[in-house]
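Trainee: Note that full-length UniProt numbering numbers the sequence shown so that position 134 is 134, with each residue one more than the last.
My structure is below; once you've seen it, I'll send some questions.
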Amino acid sequence: MSLGEQLKYGSVPYRWVENTDFEVLMISSRKDPSRWIFPKGTMEPDEGPQQVVLRETEEEAGVTGSIQERLHFETVGKQQTMFLLQVHSHVENWIEEGERTRRWMSVEEAFRVAKQMRDSRPEIHDVLVAAVDVLGKKLVTSK
């Protein structure tokens with residue numbers, strides 16, 4: 001972690017599609033709206049990691065849900081802790097609506113997006129691999 005860089009906490013929001021598959025929700029970056037990322041941010045005073053995740057996901061993506069589990073992945077040069085978040089509801093107008101776009105993507109589409117950003121944002125691919133690993137196991141055990 002570089003000097004002055006803060007640990008970030010975020011989510012991979014997902015929803016089940018007909019109990020046989022899932023989609024992930026990605027949001028556009030404020031710095032470059034053509035890039036798709038997952039919601040994340042830093043801790044505010046008196047907040048814990050899960051509170052940060054819930055707040056940032058609602059502010060940046062306009063969705064609420066329940067945190068399922070922490071995702072285990074490593075990306076060189078980034079200090080992030082990411083959680084799976086099962087989406088329960090969304091709002092039409094959210095805090096960062098004017099700054100971001102949100103988009104539900106199939107796993108295949110999300111991997112295509114991550115591949116396009118592999119050089120500049122390798123953590124998107126890495127956290128997506130971790131999310132698919134966990135959610136794929138949930139699909140197998142639920143059948």
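Glycine residues also receive a C-beta, built at the ideal position from the N, C-alpha and C atoms.
Considering just the uninterrupted stretch of the alpha helix (DSSP H) at V53, what are its terminal residues?
Mentor: It spans P49 to A61 - the alpha helix (DSSP H) in which V53 sits, taken as one unbroken run.
Trainee: Alpha carbon to alpha carbon, what distance is there between P39 and K31?
Mentor: Cα to Cα, the separation comes out at about 14 Å.
Trainee: Once DSSP output is grouped into helix, strand and coil, what is the label at Q68?
Mentor: Looking at Q68 - three-state DSSP - the assignment turns out to be strand.
Trainee: Tell me where the alpha helix (DSSP H) around V24 begins and ends.
Mentor: Careful: V24 lies outside any alpha helix (DSSP H), inside the beta strand (DSSP E) at D21 to S28.
Trainee: Can you tell me which of the three DSSP states I37 falls into?
Mentor: Here I37 sits in strand by DSSP.
Trainee: Taking the alpha-carbon positions, what's the V52 to E59 distance?
Mentor: If you take the alpha carbons of V52 and E59, they lie about 10 Å apart.
Trainee: Can you give me the C-alpha to C-alpha distance between E109 and F22, rounded to a whole angstrom?
Mentor: The straight-line gap from Cα to Cα measures roughly 12 Å.
Trainee: Which value, in whole angstroms, describes the spacing of the CA atoms of P33 and M117?
Mentor: When rounded, the distance between both Cα atoms is 13 Å.
Trainee: Between the beta-carbon of F83 and the beta-carbon of S11, is there less than 8 Å?
Mentor: Yes; because the gap between Cβ atoms is below 8 Å, this pair is in contact.
Trainee: Please name the residue, chosen from I67, G62 and Q80, that lies closest to E97 on a Cα-to-Cα basis.
Mentor: Here the closest residue by C-alpha is G62.
Trainee: May I ask which residues mark the beginning and end of the alpha helix (DSSP H) holding V113?
Mentor: Run containing V113: V107 to Q116, per the alpha helix (DSSP H) assignment.
Trainee: Nearest-angstrom Cα distance between I27 and W36?
Mentor: Taking the straight line from one Cα to the other gives about 5 Å.
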